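In my numbering, the protein residues as written are 2 to 180.
For each residue, glycine too, the CB sits at the ideal point set by N, CA and C.
Predicted, not measured: the structure shown is a model, and the values here were computed from it.
Notes follow the structure.
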(Lines of atoms letter the chains of each structure in order from A and count residues from 1; the text may use other names and numbers.)
(Lines give C-alpha, C1' and ligand atoms only; values in the text may rest on other atoms or scores of the structure.)
Protein backbone atom coordinates (compact mmCIF):
# COMPACT_ATOMS: atom_id res chain seq x y z
CA UNK A 1 0.00 0.00 0.00
CA UNK A 2 1.44 3.40 -0.95
CA UNK A 3 -1.44 5.73 -0.08
CA UNK A 4 -3.58 6.38 2.96
CA UNK A 5 -7.32 6.74 2.49
CA UNK A 6 -8.52 10.31 3.12
CA UNK A 7 -10.84 9.19 5.96
CA UNK A 8 -7.83 7.89 7.92
CA UNK A 9 -6.15 11.29 8.19
CA UNK A 10 -6.67 13.45 11.29
CA UNK A 11 -9.45 15.98 10.97
CA UNK A 12 -8.24 19.57 10.62
CA UNK A 13 -9.70 22.18 12.96
CA UNK A 14 -11.95 24.50 11.04
CA UNK A 15 -11.13 28.17 11.14
CA UNK A 16 -8.79 30.76 9.77
CA UNK A 17 -5.28 29.37 10.09
CA UNK A 18 -2.38 30.28 7.81
CA UNK A 19 -0.81 27.52 5.78
CA UNK A 20 2.78 26.60 6.49
CA UNK A 21 4.82 27.04 3.30
CA UNK A 22 6.63 23.90 2.25
CA UNK A 23 9.29 25.79 0.31
CA UNK A 24 10.29 29.15 1.73
CA UNK A 25 13.19 31.08 3.20
CA UNK A 26 14.40 30.22 6.68
CA UNK A 27 12.76 33.32 8.17
CA UNK A 28 9.44 32.70 6.43
CA UNK A 29 9.47 29.06 7.45
CA UNK A 30 10.19 29.82 11.12
CA UNK A 31 7.68 32.66 11.42
CA UNK A 32 4.97 30.80 9.48
CA UNK A 33 5.30 27.65 11.57
CA UNK A 34 5.19 29.70 14.78
CA UNK A 35 2.09 31.58 13.62
CA UNK A 36 0.47 28.29 12.59
CA UNK A 37 0.98 26.98 16.13
CA UNK A 38 -0.31 30.21 17.66
CA UNK A 39 -3.46 29.97 15.55
CA UNK A 40 -3.79 26.26 16.32
CA UNK A 41 -3.85 27.02 20.04
CA UNK A 42 -6.49 29.68 19.49
CA UNK A 43 -8.65 27.33 17.41
CA UNK A 44 -8.48 24.60 20.05
CA UNK A 45 -9.95 27.06 22.57
CA UNK A 46 -12.60 28.45 20.22
CA UNK A 47 -16.22 28.41 21.33
CA UNK A 48 -15.57 27.54 24.97
CA UNK A 49 -17.08 29.24 28.00
CA UNK A 50 -14.89 30.73 30.73
CA UNK A 51 -15.81 27.76 32.91
CA UNK A 52 -14.67 25.32 30.24
CA UNK A 53 -11.46 27.29 29.71
CA UNK A 54 -10.76 26.99 33.46
CA UNK A 55 -11.48 23.24 33.63
CA UNK A 56 -8.40 21.44 34.91
CA UNK A 57 -7.05 18.27 33.38
CA UNK A 58 -6.77 15.83 36.28
CA UNK A 59 -5.66 16.20 39.91
CA UNK A 60 -3.13 17.21 41.03
CA UNK A 61 -2.35 19.08 37.80
CA UNK A 62 -3.42 22.72 37.54
CA UNK A 63 -3.30 22.57 33.74
CA UNK A 64 -6.23 24.29 31.99
CA UNK A 65 -6.74 26.10 28.71
CA UNK A 66 -7.09 29.41 30.56
CA UNK A 67 -3.85 28.65 32.38
CA UNK A 68 -2.13 27.78 29.10
CA UNK A 69 -3.40 31.03 27.58
CA UNK A 70 -1.98 33.05 30.46
CA UNK A 71 1.27 31.03 30.37
CA UNK A 72 1.76 31.57 26.62
CA UNK A 73 1.05 35.28 27.03
CA UNK A 74 3.76 35.51 29.67
CA UNK A 75 6.15 33.41 27.57
CA UNK A 76 5.71 35.74 24.56
CA UNK A 77 6.55 38.76 26.75
CA UNK A 78 9.39 37.08 28.64
CA UNK A 79 11.26 35.78 25.62
CA UNK A 80 10.65 38.38 22.90
CA UNK A 81 10.22 41.63 24.79
CA UNK A 82 12.22 41.20 27.99
CA UNK A 83 15.08 38.85 27.06
CA UNK A 84 15.49 39.42 23.31
CA UNK A 85 14.54 43.08 22.84
CA UNK A 86 15.60 44.17 26.35
CA UNK A 87 12.34 46.03 27.03
CA UNK A 88 11.73 47.11 30.60
CA UNK A 89 8.19 45.79 31.06
CA UNK A 90 6.73 43.88 34.01
CA UNK A 91 6.30 40.15 33.85
CA UNK A 92 2.76 38.85 33.48
CA UNK A 93 1.08 36.26 35.70
CA UNK A 94 4.25 35.72 37.72
CA UNK A 95 5.81 36.86 40.96
CA UNK A 96 8.55 35.36 43.12
CA UNK A 97 5.88 34.77 45.77
CA UNK A 98 3.53 33.09 43.28
CA UNK A 99 5.58 31.64 40.39
CA UNK A 100 2.74 29.41 39.12
CA UNK A 101 0.14 32.17 39.05
CA UNK A 102 -0.49 31.68 35.33
CA UNK A 103 -1.83 28.17 35.96
CA UNK A 104 -3.09 28.51 39.53
CA UNK A 105 -5.24 31.63 39.14
CA UNK A 106 -7.81 31.14 36.39
CA UNK A 107 -10.48 33.35 37.92
CA UNK A 108 -9.66 36.32 35.72
CA UNK A 109 -11.51 37.52 32.65
CA UNK A 110 -10.86 35.15 29.73
CA UNK A 111 -11.54 37.84 27.11
CA UNK A 112 -8.98 40.11 28.78
CA UNK A 113 -6.51 37.21 28.75
CA UNK A 114 -7.13 36.71 25.00
CA UNK A 115 -6.62 40.44 24.38
CA UNK A 116 -3.32 40.38 26.30
CA UNK A 117 -2.15 37.30 24.36
CA UNK A 118 -3.00 38.89 21.01
CA UNK A 119 -1.18 42.07 22.05
CA UNK A 120 1.92 40.14 23.09
CA UNK A 121 1.90 38.07 19.87
CA UNK A 122 1.61 41.28 17.82
CA UNK A 123 4.53 42.85 19.69
CA UNK A 124 6.59 39.67 19.23
CA UNK A 125 5.92 39.81 15.47
CA UNK A 126 7.07 43.46 15.38
CA UNK A 127 10.28 42.57 17.20
CA UNK A 128 10.97 39.68 14.83
CA UNK A 129 10.24 41.78 11.74
CA UNK A 130 12.77 44.42 12.85
CA UNK A 131 15.58 41.98 13.64
CA UNK A 132 17.98 39.68 11.83
CA UNK A 133 17.90 35.96 12.58
CA UNK A 134 21.50 36.41 13.78
CA UNK A 135 20.64 39.19 16.27
CA UNK A 136 21.01 38.09 19.88
CA UNK A 137 19.25 38.51 23.18
CA UNK A 138 20.56 37.63 26.60
CA UNK A 139 19.13 34.96 28.90
CA UNK A 140 18.11 36.36 32.28
CA UNK A 141 18.60 32.89 33.75
CA UNK A 142 22.25 32.27 32.88
CA UNK A 143 23.45 35.38 31.04
CA UNK A 144 24.12 33.42 27.87
CA UNK A 145 23.33 34.96 24.49
CA UNK A 146 20.79 33.42 22.12
CA UNK A 147 19.97 34.22 18.50
CA UNK A 148 16.57 35.15 17.13
CA UNK A 149 16.85 31.99 15.00
CA UNK A 150 17.15 29.89 18.18
CA UNK A 151 14.34 31.83 19.87
CA UNK A 152 11.93 31.16 17.00
CA UNK A 153 12.78 27.44 17.00
CA UNK A 154 12.44 27.31 20.80
CA UNK A 155 9.10 29.12 20.66
CA UNK A 156 7.78 26.70 18.02
CA UNK A 157 8.64 23.84 20.39
CA UNK A 158 6.90 25.65 23.28
CA UNK A 159 3.69 26.11 21.30
CA UNK A 160 3.81 22.58 19.86
CA UNK A 161 4.01 21.14 23.40
CA UNK A 162 1.12 23.26 24.59
CA UNK A 163 -0.96 22.57 21.46
CA UNK A 164 -0.70 18.91 22.49
CA UNK A 165 -1.84 19.78 26.00
CA UNK A 166 -4.71 21.77 24.47
CA UNK A 167 -5.70 18.68 22.45
CA UNK A 168 -6.09 16.61 25.60
CA UNK A 169 -7.92 19.35 27.49
CA UNK A 170 -10.33 20.02 24.63
CA UNK A 171 -11.04 16.31 24.22
CA UNK A 172 -11.85 16.16 27.95
CA UNK A 173 -14.19 19.15 27.68
CA UNK A 174 -16.31 18.16 24.69
CA UNK A 175 -14.66 15.24 22.90
CA UNK A 176 -13.43 17.38 20.03
CA UNK A 177 -10.11 16.41 18.46
CA UNK A 178 -8.13 17.34 15.37
CA UNK A 179 -4.87 18.77 14.13
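Check                                                                                                                : Outcome
Stretch-stretch touch, CB-based, cutoff 8 Å, three pairs: the region 156 to 171 with the region 36 to 48             : yes
Proximity of residue 103 and residue 67 at Cβ, strictly below 7 Å                                                    : no
Where residue 76 falls: helix, strand or coil (DSSP)                                                                 : helix
Cβ contact check for the region 164 to 175 and the region 51 to 67: 3 or more pairs under 8 Å                        : yes
Complete beta strand (DSSP E) runs within the region 90 to 157 (minimum length 3 residues, chain order)              : 137 to 139, 146 to 148
Delimiting residues of the alpha helix (DSSP H) encompassing residue 51                                              : 51 to 55
3 or more residues per run - each beta strand (DSSP E) lying fully within the region 5 to 60                         : none
Straight-line Cα distance separating residue 78 from residue 13                                                      : 29 Å
Within 7 Å, strictly: CB atoms of residue 80 and residue 152                                                         : yes
7 Å Cβ shell around residue 18 - same chain, five flanking residues per side excluded                                : 37, 40, 41, 44
Span separating the alpha-carbon of residue 99 from that of residue 117                                              : 20 Å
Other residues of its chain near residue 136: CB distance less than 6 Å, five sequence neighbours each side excluded : 149
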